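Read the structure below first, then the notes.
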Amino acid sequence: MSEALLTPYSFIKVALPVPMRTLFDYKVPKAIALRHELKPGMRVKVPFGKSSRLGVIVALSETSDWDPEQVKPLTSMHDQSPVITEELMALCEWAARYYHHPIGDVIFHALPVLLRKGESAEFRTENWWLTTPEGQSLPLEQLSRAPRQQDFLKAVQQHPNGLSQHAASVLDLAPAAGKSLEEKGLLRREPRSFNKGGEKHAHQTQVPPTLNPEQMRATEHLLDYRHQFNVALLDGVTGSGKTEVFLRVMERLIEEGKQILVMVPEIGLTPQTLKRFEIRFNTDIVLMHSSMSDRERLDAWLLAASGHAKIIIGTRSAAFIPAPNLGMIVIDEEHDTSYKQHEGFRYHARDLAVKRAQALNIPVLLASATPSYESLTNALQKRFAWLKLRQRAGNAHIPEMERVDLRGKTLIHGFSEHALASMKLCLERKEQVLVFLNRRGYAPTLMCHQCGWIAACDHCDVNLTVHKRANKLHCHHCDTQKALIHTCPECESEELFTVGEGTEQIETQLSTLFKEVPILRIDRDSTQRKSAMAKLTQKIHEHDQAILIGTQMLAKGHHFPNVTLVIIMDADAGLFSSDFRGMERTAQLITQVAGRAGRAKKPGHVLLQTYHPDHAAIECLCNLGYEHFAIDGLAERKSLSLPPFYHQVIIRAESGNEQEAMQLLSAMRNDIEPYFAKDVYLVGPYAAIIVRKAGQHRALISIKAAQRAPLHQATQMMTEWLEQSTKQHRIRFAIDVDPLETY
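Quick note on the UniProt record's numbering: the sequence shown kicks off at 1 and runs consecutively.
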């Protein structure tokens with residue numbers, strides 16, 4: 001056989017995790033070509049600059065655009081088979097083009113952290129505990145003086161096929177106790193490959209709830225289209241049983257051997273989603289979210305990639321998880337902005353999921369009580385099937401919404417007298433109250449009474465938030481933290497006071513007003529530790545009578561059947577925002593939070609504390625509901641040529657120098673704008689809302705067009721100009737396609 005047939009290609013094109021929008025050519029040494037069958041998606045070690053890097057093969061080629069003598073050879077192979085499938089490689093390439101982001105960064109984003117670091121794409125070996133004959137027959141009473149060893153041995157005795165290290169950890173068994181039992185000859189360890197899913201769960205014994213006519217129609221539609229690409233918007237009021245609808249469809253697809261990807265916006269929703277699915281399905285389920293360790297994430301990735309895991313529940317990054325038998329993608333709470341990555345690779349997981357499903361010819365289900373304006377527009381234009389659920393499941397009713405006029409009223413710790421009286425009545429009935437305030441910390445501002453000094457961040461144009469319990473001042477933009485001070489640095493006065501309320505302060509104040517009532521705070525600070533959210537939600541279900549205080553984390557999909565009163569402390573937040581999306585987000589938050597009330601048999605009541613009870617938006621939302629509000633909002637957006645009727649890209653430049661970023665964008669506009677199509681419009685450059693963030697001064701330029709093609713052509717031209725112009729300057733730039741922030 002000729003050497004030419006043995007080595008049909010001489011070069012590979014490699015993606016590297018570097019901020020350059022290009023692939024890199026490398027020679028394939030004959031020795032490697034003869035021993036290995038190279039394929040796109042494999043990892044390779046290649047020389048880069050003065051060091052070597054791990055890269056991913058994107059393409060094989062017989063030629064190179066570079067002088068072959070200058071092209072370096074690859075150093076070594078890292079895989080025997082691709083870690084990025086052909087399907088996911090195509091998705092990454094599309095995402096890199098659409099979001100104008102370096103291809104290497106996109107591909108490495110699609111891999112678990114350990115694979116980016118060079119770890120083998122294989123299941124790990126895990127120790128399992130088994131009893132020895134002596135350990136199996138030993139009466140547990142003999143270990144009564146060593147209760148931890150007693151608990152450990154009891155658990156292993158109950159698992160004759162062995163207890164995994166992971167299961168022992170979940171059961172909170174002490175590793176030291178296991179080691180002691182091993183030394184006594186009562187237990188032994190056996191290494192096993194971690195190559196199968198978690199424990200399977202028995203089907204629920206209770207009969208699934210009976211579907212109402214709306215749920216039946218939605219389910220029948222989804223089942224009819226389950227074998228083809230179809231996007232359905234399941235638009236159901238809070239508590240209308242949206243989850244039950246897609247559970248029915250999932251059951252049928254799992255029977256047909258398919259995998260399902262279920263995406264949720266927040267880590268906090270994964271435990272309750274997992275529990276719901278565990279009760280329902282006797283199959284392997286894996287989780288994928290940022291609170292997991294790197295090893296746990298790789299294990300979940302491998303289980304999905306092997307086809308073992310039939311249900312994959314994940315947050316934003318799960319859009320890239322491999323699944324060879326993927327049959328449907330569900331995006332729960334599809335309106336949530338958490339699906340959009342706001343730093344680095346600024347993709348939207350919902351839109352990526354739709355693109356992925358289209359390529360695989362499978363259905364996508366978008367579920368929400370408050371659909372995004374983008375999804376509503378697609379539904380109105382018949383691009384998406386619009387499945388409406390307008391009645392609550394079972395005997396539950398939509399809660400009554402009441403506006404509480406705060407004008408001229410004296411507030412007690414931020415609450416009106418009516419709100420406090422309603423809380424007292426609710427608690428006397430052994431029911432729960434949910435208090436919503438979208439500001440964490442104790443207070444948003446610390447001020448000096450004598451000279452007016454305000455504690456501001458040294459690196460950002462914002463005030464530091466007071467966290468009394470942690471005794472610190474914290475910038476929620478750049479993460480700067482300082483010890484809480486008690487003397488003014490300007491005039492040395494000790495008369496410092498806080499301005500405004502945060503969830504921590506509300507918790508402190510309510511604990512003095514309702515001393516006998518459990519008060520549970522749910523925000524980013526109280527749920528930082530692993531499993532903290534699951535423990536808090538468990539406490540909520542344990543108490544009949546309780547006050548729940550939280551930020552928007554509480555607004556998303558949680559089911560607390562004994563919450564009958566919801567108090568929205570600041571319903572006006574967002575009404576007068578400079579962001580054109582401010583009204584949409586305010587309406588979504590109010591509707592979602594209100595939806596936590598009266599989800600079971602007891603009626604719900606919602607109090608909106610507002611200084612603008614007659615505001616048209618508040619009136620519309622309370623009297624006519626979210627759909628009517630959103631359709632009015634879309635008409636206004638259309639008249640103003642705003643998204644989703646016009647498509648938008650924002651380019652941000654940032655520099656340590658106050659003028660440099662603005663000058664760079666001005667020069668770019670002057671050089672490039674004459675070459676744009678006529679229907680591409682530019683605004684800027686202009687200063688960001690928060691001009692200085694993390695020590696960088698930020699300037700923006702906004703581009704919009706009615707059609708995507710000319711918009712992307714203009715963005716590509718600007719990107720190339722910026723790449724050339726910033727090589728010699730310490731100016732960074734970022735491209736945000738379909739932005740959700742105004743920066």
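Where is the CB? At the ideal position from N, CA and C, for every residue including glycine.
Predicted model only: the values in this text are computed from it and were never measured.
Output the boundary residues of the beta strand (DSSP E) element that contains H647.
Numbered from 1 along the sequence shown, position 647 holds the residue referred to as residue 647. H647 -> beta strand (DSSP E) spans 647-655.
When you compare only the Cα positions, how much space is there between I549 and I454?
To locate residue 549, count along the sequence shown from 1; it is residue 549. To locate residue 454, count along the sequence shown from 1; it is residue 454. When rounded, the distance between both Cα atoms is 27 Å.
Secondary structure at A202, three-state DSSP: helix, strand or coil?
Start at 1 with the first residue of the sequence shown, and residue 202 comes out as number 202. Note that A202 has pLDDT 43, beneath the 50 cutoff, so the model's placement of it is unreliable and the number below is only indicative. It is coil, neither helix nor strand.
Quick one, are the C-beta atoms of T742 and D572 less than 7 Å apart?
On the sequence shown, position 742 is the one that residue 742 refers to. On the sequence shown, position 572 is the one that residue 572 refers to. Not closer than 7 Å, so no.
Counting only the same chain and skipping the five closest in sequence on each side, list residues whose C-beta sits under 6 Å from that of L140.
For the purposes of this step, residue 140 is taken as residue 140 along the sequence shown, with counting starting at 1. The residues are Q150, K154.
Which residues in the same chain as R21 place their Cβ atom closer than 8 Å to its Cβ, once the five residues preceding and following it in sequence are excluded?
Position 21 of the sequence shown, counting from 1, holds the residue named residue 21. Within the same chain, R21 has close Cβ partners A96, H100, H101, P102, I103, T719, E723.
Based on the DSSP secondary-structure assignment, which residues constitute the bridge partners of V364?
Within the sequence shown, residue 364 is the residue found at index 364, counting from 1. Answer is V231, I329, bridged to V364.
For the beta strand (DSSP E) that C448 lies in, which residues bound it at each end?
Sequence index remark: in the sequence shown, residue 448 carries index 448 (1-based). Unbroken beta strand (DSSP E) run through C448: 445-448.
What three-state label does DSSP hand Y373 in the structure shown?
For this step, residue 373 is matched to residue 373 along the sequence shown. Helix.
Whose C-beta lies closer than 7 Å to the C-beta of A687 among residues of the same chain, with five residues either side of it excluded?
One-based indexing of the sequence shown puts residue 687 at position 687. A699.
What are the uninterrupted segments assigned as beta strand (DSSP E) that are 3 or more residues long and contained completely in the stretch 463-535, given in chain order?
Here the runs fully enclosed are 465-467, 472-474, 481-483, 496-499, 519-522.
From I690 to W94, what does the alpha carbon distance come to, in whole angstroms?
Indexing the sequence shown from 1 puts residue 690 at position 690. Indexing the sequence shown from 1 puts residue 94 at position 94. I690 and W94: Cα-Cα distance of roughly 32 Å.
Going by CA-CA distance only, name the one from M583, W301, C92 that's closest to L114.
Stepping through the sequence shown from its first residue, residue 114 is reached at position 114. Of the candidates M583, W301, C92, the one whose C-alpha sits nearest the C-alpha of L114 is W301.
Can you tell me where the alpha helix (DSSP H) holding S137 begins and where it ends?
By one-based count along the sequence shown, residue 137 stands at place 137. 133-137 is the extent of the alpha helix (DSSP H) around S137.
Whole angstroms is fine: what's the gap from S511's alpha carbon to L420's?
By 1-based counting over the sequence shown, the position of residue 511 is 511. By 1-based counting over the sequence shown, the position of residue 420 is 420. In a straight line, the C-alpha of S511 is about 13 Å away from that of L420.
Under a Cβ-count criterion, where at least 16 other Cβ atoms within 10 Å of its own Cβ denotes burial, should L624 be classed as buried or exposed?
As a first step, residue 624 must be located in the sequence shown, where it is residue number 624. Exposed: under 16 other Cβ atoms inside 10 Å.
Distance check for H712 and Q80, CA to CA, integer angstroms please.
Along the sequence shown, read from residue 1 onward, the residue named residue 80 stands at position 80. Along the sequence shown, read from residue 1 onward, the residue named residue 712 stands at position 712. Straight-line Cα distance between these residues: approximately 38 Å.
Does the distance from the CB of R43 to the CB of V56 come in under 7 Å?
In the sequence shown, residue 43 corresponds to position 43, counting from 1. In the sequence shown, residue 56 corresponds to position 56, counting from 1. Yes, the Cβ-Cβ distance between R43 and V56 is below 7 Å.
State the start and end residues of the unbroken alpha helix (DSSP H) segment that holds T715.
As a working note, residue 715 is residue 715 in the sequence shown. Start and end: 708-725.
With a CB to CB cut of under 7 Å and the five nearest residues on each side skipped, what residues in its chain are close to L634?
Numbered from its first residue, the sequence shown carries residue 634 at position 634. Cβ within range, chain order: Y373, L376, T377.
Mind reading off the beta-carbon distance from R596 to L554? Whole number of angstroms is fine, and I expect it under 8 Å.
Counting from 1 along the sequence shown, the entry for residue 596 is found at position 596. Counting from 1 along the sequence shown, the entry for residue 554 is found at position 554. R596 to L554, Cβ: 7 Å. Contact.
Start and end of the alpha helix (DSSP H) containing I254?
Taking the first residue of the sequence shown as 1, we reach residue 254 at position 254. Segment 242-255, the alpha helix (DSSP H) holding I254.
So what does T586 bridge to, in DSSP terms?
Translated into positions along the sequence shown, residue 586 becomes position 586. The partner list for T586 (beta bridge, DSSP) is empty, contrary to what the question assumes.
Could you tell me the alpha carbon to alpha carbon distance between F108 and E119, rounded to whole angstroms?
Here the question's residue 108 lines up with position 108 in the sequence shown. Here the question's residue 119 lines up with position 119 in the sequence shown. Taking the straight line joining both Cα atoms gives about 13 Å.
Using the Cα positions of W129 and F246, report the straight-line distance between them to the nearest angstrom.
Locating residue 129 in the sequence shown gives position 129, where the first residue counts as 1. Locating residue 246 in the sequence shown gives position 246, where the first residue counts as 1. About 38 Å.
According to the neighbour-count rule (16 or more other Cβ atoms, all chains shown, within 10 Å of its Cβ), is G241 buried or exposed?
Mapped onto the sequence shown, residue 241 falls at position 241. G241 is buried by the Cβ-count criterion.
Out of P68, F123, V14, point me to the one whose CA is closest to D105's CA.
Along the sequence shown, read from residue 1 onward, the residue named residue 105 stands at position 105. Out of P68, F123, V14, V14 has the C-alpha closest to the C-alpha of D105.
DSSP on N127, reduced to helix/strand/coil?
Numbered from its first residue, the sequence shown carries residue 127 at position 127. The answer is strand: DSSP assigns N127 an E or B state.
Taking only three categories from DSSP, how would you classify Y26?
As a first step, residue 26 must be located in the sequence shown, where it is residue number 26. Three-state DSSP puts Y26 in a strand.
Measuring CA to CA, which of C475, C426, F415 is closest to P444?
Working through the sequence shown from its first residue, we reach residue 444 at position 444. Ranking C475, C426, F415 by Cα distance to P444 puts C475 first.
Who does Y611 pair with in a DSSP beta bridge?
Translated into positions along the sequence shown, residue 611 becomes position 611. Answer is none; Y611 lacks a bridge partner.
Please confirm whether L427 and Q545 have their CB atoms less than 7 Å apart.
One-based indexing of the sequence shown puts residue 427 at position 427. One-based indexing of the sequence shown puts residue 545 at position 545. Closer than 7 Å, so yes.
I321 to L91, Cα distance in whole Å?
On the sequence shown, residue 321 is found 321 positions in, with the first residue counted as 1. On the sequence shown, residue 91 is found 91 positions in, with the first residue counted as 1. Going by the C-alpha atoms only, they are around 11 Å apart.
My understanding is that R124 touches R295, with C-beta atoms under 8 Å, so please give their C-beta distance in whole angstroms.
Reading the sequence shown from its first residue, position 124 is the one you call residue 124. Reading the sequence shown from its first residue, position 295 is the one you call residue 295. Confirmed, Cβ separation roughly 7 Å.
Buried or exposed: S493, going by 16 or more other Cβ atoms within 10 Å of its Cβ?
Translated into the one-based positions of the sequence shown, residue 493 becomes position 493. Counting Cβ neighbours within 10 Å, S493 comes out exposed, since fewer than 16 surround it.
Which one of M250, P324, R669 has the shortest CA to CA distance from L88?
The residue given as residue 88 occupies position 88 in the sequence shown. Residue P324 is the option with its Cα nearest to L88.
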